[in-house]
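What follows is a single structure, written as structure tokens, with notes after it.
Chains as they are written, first to last, in the working numbering: chain A, 1 to 336; chain B, 1001 to 1522.
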């Protein structure tokens, strides 16, 4: 394990986080909208506005506000939400596991189905399956998530009610929160029925969220595989009499994996931050909705906290992708 | 042959009894309430959003409250009250034998702590919250005295008749002093009141669970549990109601309501709200100074078409500053009818400058009283064009819009008001008096300074006899009508859509009800 390299990347991560914190702090204050005014709306008196601004600390110069913010971050405090005064870290903490669970489930579906479709399409180039799967990939990329989600709810929850239409688990169940990941918590509490229920609730939103990355992964896998399948070592492997499955899975796919891993990492990062539509349609209590609601209310502390978390997650995913490169291709070595 | 006929006869006789049986209230079950978003804080003295109030009023109670389906003030935790002769001291006799959900007894000290934390900066709980609207609630209260365990007195700095209605607002809840001390600034996440439902749990952005308070002092709630489920997407909320996943779906759009009306399994209640959407004329701008011009522009707009096209019929045309659901509404006033010819004539008489554009400011956000502000502005622009007035639509970000209109920078601006406390003073003094027309920060965005009107408003605040106050406000509305500082557009209709399995579903004109009496068929 290149520990020096990881340490260097983690140091870069700190610099990135600092840059992100400055940018987000400034951008939020550049967009029009006064949090106190938005909170109190048209019914507030000028005195109430002044009092609330002062309570929120918005009457101080930006430099002072940023200084307080930075000092708090260094103490592990993301500040308090301007809307309800609750600590942002705990507000994020209760929502992040829901988003993680959804994004990881969607990536699993997208990876398994996308890679399988891409591999088969490449292996059977110009076949009906190839045309069919690439057509479906085009549809998957083009179809608005919003429309797809609502159609799935209408078909599978209203017309033929076989799938739950909202939430992470049945409304009567409230498993003890240990990790915040519903699948894990239901298993830890030994409620297998609740685990199946949570899994059932995860199907429609994760499938909806997976369509776009699935289509991208399928197309990338197909093109990467086609490139590799024409290489000499694949021809040699076939000439040596290896079975087609071994040739494709062991020799071709492993070598085609580099671009696929890049796309997987990129999409996982995007899903973590961009699941807002799916979360809205399926009433999924995740971080995407929280960010948008906070932004609409100009809840500076909440948005800043969320963006920092997203930036950190994105940087960690990138680091993991880079490390996976080394595992997949021994010729790639990282240097501290 | 006779036996079957006898049987049929017997069944026919029993049918009414059977149907009566189906309508008899039953206890138990879970009411699932689909709503557009999550609550922010369940300490209602800190709440400004409807989703917090909907949930909070199931748990917390006030000294007084509005009627189940009306805005008339009734006793809740206070049994009776009286006002001193000088109109400055309100003495409330409190209900005995009431306990908070944590077992702590309800008494005058609990009322003191609940109010004093908002009013007095030196109170130990004052720093635990952001008190959003003291001016609308306990603002005039300058002192609070615990007379004895079950008597409390509120002293105002001037005679202030609307105080009783203010106390019926969600902003004045009574919380357990023990819980306020224990939870400190987190009391909004753990509300402990005396209401018919107890707070159980809150999964952020997902659901709030409440359960029946078995020790409730009044008639106990019928359903065992209420789950308030956040379903932000309106189409998903509609489908949830259609499929029976939820029992109530809030805030459906007009198209969804039209669909719901065709569904045999869903019931709808409609009620005029306590709001008004209006176009304010800045009376300090030279071209809008003449009342004749303002009257002319009032004749230029067809409100019926506006209601059909923008509100899908879910509103009534406005002619006064407040809706008919509020007492002292002057129904004798004849609204400015839609009459473009008369509008042109009046404008010509007033020597209006038709060649210069006039600014029409459109709200950037949608509200119940203004669901499509830009379309509404475009429609008004077209109506004004039809009488020769060139209006230019101006838009600003919401915060800037409010600040600029309150500075009087506009010619005409669209705004609205929800009179939560259902007191005419809230609309008349708050939005139209000379006292509130001072820039910057003028709530009276017409910057209309009419001395006679303002005197009437101030007199109304000091008059405690409702009949006398009514006379004052009827006269004030006549002055408003003649001077036309606003073009009152609409009072929107409030709608509640729910499964027919639910019974005794209430709907106050402000849309905020306790669901204590609601029961659900098994």
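All C-beta atoms, glycine included, are put in the ideal place defined by N, C-alpha and C.
Keep in mind it's a predicted model, so treat the numbers as computed, not measured.
For the C-beta of residue 34 of chain A, the chain B residues within less than 7 Å are, from N- to C-terminus, 1399. By the rule that beta-carbons nearer than 8 Å mark a contact, residue 1489 of chain B does not touch chain A. Among the residues of the stretch 76 to 96 of chain A, those with a Cβ less than 8 Å away from any Cβ of chain B are 83, 84, 85, 86, 91, 94, 95, in the order of the chain. The alpha helix (DSSP H) runs lying completely inside the stretch 113 to 142 of chain A and spanning 4 residues or more are 128 to 142, given in chain order. Considering only beta carbons, the part of the stretch 1023 to 1056 of chain B lying closer than 7 Å to chain A consists of 1032, 1040, 1041, 1048, in chain order. Each of B:1284, B:1112, B:1098, B:1496 was checked against the Cα of residue 1148 of chain B, and the nearest Cα belongs to B:1112. Membership of residue 1399 of chain B in any beta strand (DSSP E) is not indicated; the residue belongs instead to the alpha helix (DSSP H) covering 1398 to 1406. Under the 8 Å criterion on CB atoms, residue 1239 of chain B is classed as interfacial with respect to chain A. Contact between the stretch 1029 to 1039 of chain B and the stretch 1126 to 1139 of chain B is absent, with fewer than three C-beta pairs closer than 8 Å. Among the CB atoms of chain A, one or more fall inside 8 Å of the CB of residue 1441 of chain B. Within the same chain, Cβ atoms closer than 8 Å to the Cβ of residue 1257 of chain B are found at 1268, 1312, 1314, 1495, 1497, the five residues on either side in sequence being excluded. With fewer than 16 other Cβ atoms from the protein chains shown falling within 10 Å of its own Cβ, residue 162 of chain A counts as exposed. Nothing from the stretch 1363 to 1389 of chain B brings a Cβ to less than 7 Å from some Cβ of chain A. Here residue 1493 of chain B is buried: its Cβ has 16 or more other Cβ atoms, across all protein chains shown, within 10 Å. Proximity of the stretch 1434 to 1447 of chain B to the stretch 1468 to 1479 of chain B falls short of the contact definition, fewer than three beta-carbon pairs being nearer than 8 Å. In the DSSP assignment, residue 1197 of chain B forms a beta bridge with B:1212. With its beta carbon less than 8 Å from one in chain B, residue 154 of chain A belongs to the interface.
Closest in C-alpha terms to residue 1184 of chain B, from the list A:75, A:85, A:168, A:135, comes A:85. At least 8 Å separates the beta-carbon of residue 1155 of chain B from that of residue 1096 of chain B. Taking 9 Å as the upper bound on Cβ-Cβ separation, chain B lies near residues 41, 42, 43, 44, 45, 46, 47, 48, 49, 51, 52, 55, 56 of the stretch 41 to 72 of chain A. Not a single C-beta of chain A is nearer than 8 Å to the C-beta of residue 1501 of chain B. Only residues of its own chain outside the window of five on either side were considered, and among them 168, 169, 182, 183, 186 have a CB closer than 7 Å to the CB of residue 198 of chain A, listed in chain order.
Residue ranges of uninterrupted beta strand (DSSP E) with 3 or more members, entirely inside the stretch 1245 to 1284 of chain B and ordered along the chain, are 1266 to 1272, 1275 to 1281.
For residue 1061 of chain B, DSSP records a beta bridge to B:1174.
In this structure, residue 1340 of chain B keeps its C-beta atom at 8 Å or more from the C-beta atom of residue 1293 of chain B.
Here DSSP, grouped into helix, strand and coil, assigns residue 73 of chain A to helix. Of the candidates A:157, A:149, A:222, A:222 places its Cα closest to the Cα of residue 115 of chain A.
Minimum Cα-Cα distance from residue 51 of chain A among the listed residues B:1253, B:1085, B:1310, B:1118 corresponds to B:1118.
Of the candidates B:1222, B:1227, B:1164, the residue whose Cα lies closest to the Cα of residue 1422 of chain B is B:1164. With fewer than 16 other CB atoms across the displayed protein chains lying within 10 angstroms of its CB, residue 233 of chain A is exposed. Counting only runs of 4+ residues, the alpha helix (DSSP H) found wholly inside the stretch 1087 to 1126 of chain B occupies 1108 to 1119, in chain order. Within 10 angstroms of the beta-carbon of residue 75 of chain A lie fewer than 16 other beta-carbons, which makes it exposed.
Annotation: residue 281 of chain A to residue 1369 of chain B spans about 26 Å, alpha carbon to alpha carbon.
As for any alpha helix (DSSP H) of minimum length 4 sitting wholly inside the stretch 202 to 267 of chain A, the runs are 232 to 239, ordered along the chain. When C-beta distances to chain A are compared with 9 Å, every residue of the stretch 1249 to 1271 of chain B stays at or above that value.
Contact check for residue 1090 of chain B against residue 1083 of chain B passes: the beta carbons are separated by less than 8 Å.
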